[in-house]
Structures are given as C-alpha cells and as structure tokens.
Amino acid sequence: MHMKPDTRLFYRTLIALAAPVALQNLIASSLNLVDTIMIGQMGETEVAAVGLANQVTFLLNLFLFGIGSGSAIFTAQYWGSRDMPNIRRVLGLGLVCGLLIAAVFTIVCLTVPAWILSLFSDDAAVIALGAAYLSVVAFGFILMAVSFLFASVLRSIGQARLPLYISAFSLLVNTVLNYGLILGNYGLPALGVRGAAIATVIARSLEIVLFFLIIYGRRSILAARPSQLFDLSAAFVRRFLKTTVPVILNESLWAVGVTLYIVIYARMGTHVVAAINIAATAERLAMVLFFGIANAAAVMLGHRIGAGELDKSQQEARRFVLLGPLIGIVSGLILIAMAPLILSFYNVADGVRQSARAILVVYGLVMPVRVFNIINIVGVLRSGGDTRFTLLLDTAGVWLIGVPLAFLGGMIWHLPVEQVVILVVVEEFFKVVLGVWRLRSRKWINRLNIPPDNDQLSV
Numbered sequence: 002m003h004m005k006p007d008t009r010l011f012y013r014t015l016i017a018l019a020a021p022v023a024l025q026n027l028i029a030s031s032l033n034l035v036d037t038i039m040i041g042q043m044g045e046t047e048v049a050a051v052g053l054a055n056q057v058t059f060l061l062n063l064f065l066f067g068i069g070s071g072s073a074i075f076t077a078q079y080w081g082s083r084d085m086p087n088i089r090r091v092l093g094l095g096l097v098c099g100l101l102i103a104a105v106f107t108i109v110c111l112t113v114p115a116w117i118l119s120l121f122s123d124d125a126a127v128i129a130l131g132a133a134y135l136s137v138v139a140f141g142f143i144l145m146a147v148s149f150l151f152a153s154v155l156r157s158i159g160q161a162r163l164p165l166y167i168s169a170f171s172l173l174v175n176t177v178l179n180y181g182l183i184l185g186n187y188g189l190p191a192l193g194v195r196g197a198a199i200a201t202v203i204a205r206s207l208e209i210v211l212f213f214l215i216i217y218g219r220r221s222i223l224a225a226r227p228s229q230l231f232d233l234s235a236a237f238v239r240r241f242l243k244t245t246v247p248v249i250l251n252e253s254l255w256a257v258g259v260t261l262y263i264v265i266y267a268r269m270g271t272h273v274v275a276a277i278n279i280a281a282t283a284e285r286l287a288m289v290l291f292f293g294i295a296n297a298a299a300v301m302l303g304h305r306i307g308a309g310e311l312d313k314s315q316q317e318a319r320r321f322v323l324l325g326p327l328i329g330i331v332s333g334l335i336l337i338a339m340a341p342l343i344l345s346f347y348n349v350a351d352g353v354r355q356s357a358r359a360i361l362v363v364y365g366l367v368m369p370v371r372v373f374n375i376i377n378i379v380g381v382l383r384s385g386g387d388t389r390f391t392l393l394l395d396t397a398g399v400w401l402i403g404v405p406l407a408f409l410g411g412m413i414w415h416l417p418v419e420q421v422v423i424l425v426v427v428e429e430f431f432k433v434v435l436g437v438w439r440l441r442s443r444k445w446i447n448r449l450n451i452p453p454d455n456d457q458l459s460v
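The sequence shown lines up with residues 2 to 460 when you count with the working numbering.
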C-alpha cells in the first residue's frame with residue numbers, strides 16, 4: 002500500500018514514541034500483576050488487603066501523573082522551539098511540586114495506615130494486612146516522585162527508551178525479591194504482604210540510583226545544576242501553575258471519585274474487592290498500548306504546536322483519535338477471550354472468579370470508548386494546554402454520573418458487582434460526546450511558548 006511521506010513519518014514517530022511508553026506501562030502493570038498473583042496464592046483476604054492499600058499508591062500516582070503531565074505539556078512545546086533553559090526550569094518546578102505531594106503521603110501513611118484502610122473496609126483482617134503493607138511501601142513514595150518526574154520530562158523530549166530500560170530493571174529486581182520475600186524462597190523469610198512492600202521499596206531505590214547515574218554520567222540536557230533547575234521567576238511559576246494546577250486537580254478529583262468506587266465495592270464485601278482487583282489488574286495490562294499512544298500524541302502534538310504548525314496539529318489529532326479505538330476493539334475482544342486463562346492463576350473462591358470474569362467482559366466491551374477518552378483527553382487536548390476544559394470534562398463524568406450511579410447500584414439497589422460496573426462506565430459515553438465537540442472546535446490549541454530570548458517569562 003502506497004503511503005505519503007508525511008504519513009509514513011507520522012506512524013514511524015508514533016511507534017518510536019508509543020512503543021517504549023507502552024512497554025514501560027506493560028512492565029509497571031506486569032509488576033502489579035506479579036504482586037497480585039503471588040499474593041493471590043495466599044488467599045482472597047491478602048488480595049483484598051494489598052488491593053486496598055494500593056489505592057493509596059494509586060492516588061499518589063495520579064497526583065504525580067498530573068504534575069508530570071503538566072510538566073510534559075510545557076516541555077514538549079519548549080522542545081519544539083528548542084528552548085533548553087526552560088526545559089530545565091520545568092523539571093525543577095515539577096520536582097518541587099512532586100516531592101511536596103509525596104512527602105505528605107509518606108507522613109500520613111507512616112503515622113495512620115490502619116485509619117486510612119478503615120475508610121475503605123470494615124474487615125479487621127483486611128485492615129491489619131493492608132496497614133502492614135502500607136507502612137513499608139510508603140518509604141518509597143519520595144523515590145517514586147523523583148523517578149516519575151524525570152521519566153515524564155524525558156518522554157516529552159522524545160527520549161522514551163531510558164525510562165523503559167530502568168523500568169525493566171526495576172521489574173526484574175522486584176519480581177525476584179517478591180518470589181523470595183512473599184513466599185519464602187532463596188532461604189529468605191516468608192513475609193507475605195510485608196515482603197511484597199519491602200521488595201517494592203528496594204526496587205524503587207535502585208531505580209533512582211540508575212536514573213542519576215545515567216543522566217548525569219551522560220551529561221544529558223536534564224543533568225542540570227540546582228541553579229539551572231530552580232532559576233524561577235514569579236511569572237514563570239504563575240504560568241506553569243495556571244496550566245498545571247487544573248491537570249493536578251483533574252487527576253486528584255478523578256482519583257478521589259475512583260477511590261469512592263472502591264469504597265462502595267468494599268462495602269459490598271471483601272469478595273467484591275478481590276474480584277475488582279483481579280479484573281482491574283488484567284485490564285491495565287490490556288490498556289498499556291493506549292497510554293503509549295496517548296503519550297505519543299501529547300509529545301508529537303506538543304512539538305507541532307511549539308513549532309507553530311497549528312493546522313498540522315489538528316490534522317494529526319484526528320488521526321490519533323480514530324486509530325486508538327480501532328485497535329481498542331481488537332484489544333477488548335482479546336481481553337474477553339483471555340479471561341478464563343487470566344483467572345486460572347488465582348487461588349480464590351468460585352464466586353470471586355465468576356464476578357471477575359463478568360467484570361472483564363464489561364471492560365472488554367467498553368474498551369474502544371475508554372481508549373478514545375484516554376487519547377483525546379490525556380494525549381490531544383492537554384497537549385494544547387486545554388487543561389481547564391479537560392478538568393471539567395473528567396470530573397463531571399465521575400462526580401455527576403459515575404459516583405452517583407455506583408452508589409445507587411451498590412448501596413441502594415444492591416445489584417451484582419458486574420451490573421454496578423456497567424453503571425459506572427456510562428460516564429465514558431458522556432465524555433466521548435463532549436470530547437468530540439471540543440476537538441472539532443480547535444479551541445484546544447494554545448501556544449504556551451514564546452521565543453527563547455524571553456525564556457524567563459515564556460511560561
């Protein structure tokens with residue numbers, strides 16, 4: 002099939018950017034899957050405990066994702082205009098924000114882990130196990146923030162391979178340590194869920210060491226001195242926060258809404274939490290490619306907008322939102338077909354297994370719609386700095402549709418969990434309608450950069 006040169010370049014760049022990010026997300030999701038499978042050998046109480054404890058890590062991840070996404074919006078556009086000083090300033094400001102958030106999470110999780118878990122469940126055994134896990138894994142939160150910010154900025158300037166390689170190393174270390182510390186192999190003590198947490202912290206520590214050794218050893222453009230990272234004017238900080246705070250609020254409010262889903266599921270029973278955790282872990286694996294495409298969209302469109310190629314940005318945005326859902330149909334069908342095999346790895350009750358399978362079918366059927374929203378919101382609209390609209394779109398979907406329907410279905414109507422999940426995904430269709438309208442309006446395209454000779458005022 003003959004393809005125009007610019008079309009070939011589009012797909013070549015897409016693959017070069019999306020593949021490393023998709024593989025990195027696959028590694029992260031595989032790590033979660035390995036944890037869940039190994040802990041799943043111990044029983045559904047342990048699966049539920051780690052699943053609930055990981056909701057706290059999930060919340061922190063979304064805060065960091067918001068900061069990282071906001072940083073990447075600017076970095077991609079600055080890379081388009083080759084403005085290196087401001088790229089370093091964005092990294093410095095992102096690190097400050099990320100470390101502050103991570104410090105708060107660390108302090109809370111080290112001081113009152115059981116209280117946090119009691120917000121999700123009233124099962125004493127689940128709370129005790131979850132608190133033991135959380136009080137250890139919290140030591141890795143600061144490390145996670147630094148790693149997350151460096152990876153986000155590297156990807157936004159097209160250097161996605163280094164975060165991939167470091168994540169692969171982290172997965173290997175974590176898997177080996179999990180096998181030893183959870184189940185008591187290699188002559189190590191069998192520490193159960195606490196062993197999983199220790200393995201995670203050790204892997205995070207080695208991850209940070211590698212980032213610094215490679216970035217500063219190779220003298221990357223990110224190997225900046227503190228004076229370059231924190232050379233920040235009030236105008237710079239204001240412009241950064243004006244665009245980034247809506248992303249952080251977006252991720253935070255969305256995360257709190259999703260956490261309320263988990264609270265509702267937990268009140269429906271420990272077996273429901275176990276089923277949701279198993280299905281969600283598998284779905285994350287199926288979605289990794291699309292987060293890679295969304296990241297590629299954010300980087301490629303950011304570079305176009307930064308270079309002033311606005312018509313080209315709109316044209317390529319349409320390609321992204323059409324391509325993703327087409328692949329999503331195939332991925333959804335594969336997820337449904339693979340459900341029996343996935344569930345065969347878990348030592349859980351038949352009721353949990355049946356619920357998880359039904360949830361996986363729902364996730365598979367709705368995947369093309371979810372894929373459209375991920376690529377459009379995270380990849381396209383945010384790349385143009387349209388963060389206020391995406392804040393309204395995402396939070397309205399969760400808080401005005403998803404959470405009320407989940408509460409009605411789970412707590413009032415007492416529906417089976419798979420039917421509650423169907424109610425929750427109604428929000429995705431709402432976001433498609435408004436998202437298409439915004440994309441076609443071209444109002445999402447905003448240039449955030451100006452020539453480098455005014456770099457202190459350009460954010």
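For glycine and all other residues, C-beta sits at the position ideal for the given N, C-alpha and C.
By the Cβ criterion, the region 57 to 66 is not in contact with the region 286 to 305, since fewer than three pairs of Cβ atoms, one from each stretch, lie closer than 8 Å. In the three-state reduction of the DSSP assignment, K5 falls in the coil class. Annotation: the continuous alpha helix (DSSP H) that includes Y262 extends over A235 to M269. Here the C-alpha atom of R13 lies approximately 14 Å from the C-alpha atom of V300. Taken through DSSP and simplified to helix, strand or coil, F121 comes out as coil.
Of the candidates I102, R358 and V381, the residue whose Cα lies closest to the Cα of L324 is V381.
G386 sits in coil when the DSSP states are folded into three classes, being neither helix nor strand. Burial is judged here by how many other beta carbons sit within 10 angstroms of a residue's own beta carbon; W80 has at least 16 and is buried. The way I'd put it, the region 68 to 80 doesn't touch the region 48 to 59; fewer than three beta-carbon pairs between them come closer than 8 Å. Around the C-beta of A287, 16 or more other C-beta atoms lie within 10 Å, and the residue is accordingly described as buried.
Each of N251, V109 and L302 was checked against the Cα of L392, and the nearest Cα belongs to N251. Between A200 and L182, the beta carbon gap of about 5 Å places them in contact (Cβ cut-off 8 Å). The Cβ-Cβ distance between V425 and Y262 falls below 8 Å. A276 is a Cβ neighbour of S356, given a cutoff of 8 Å.
Here the C-alpha atom of A281 lies approximately 12 Å from the C-alpha atom of I343.
If you compare the alpha carbons of R443, Y187 and A204 with that of V174, the shortest gap goes to A204. Beta-carbon to beta-carbon, P21 and R219 are separated by about 17 Å, too far to satisfy the 8 Å threshold.
In this structure, V370 places its C-beta atom within 8 Å of the C-beta atom of F430. In this structure, G411 lies near M269, with their beta-carbon atoms less than 8 Å apart. Ranked by Cα distance from A146, the options I68, Y347, V418 and A235 are led by I68. Ranked by Cα distance from M85, the options I265, V349 and S221 are led by S221.
Going by beta carbons, P326 and V372 fall inside the 8 Å limit. Given a length threshold of 4 residues, each whole run of the alpha helix (DSSP H) inside the region 264 to 320 is given here in chain order: 271 to 307.
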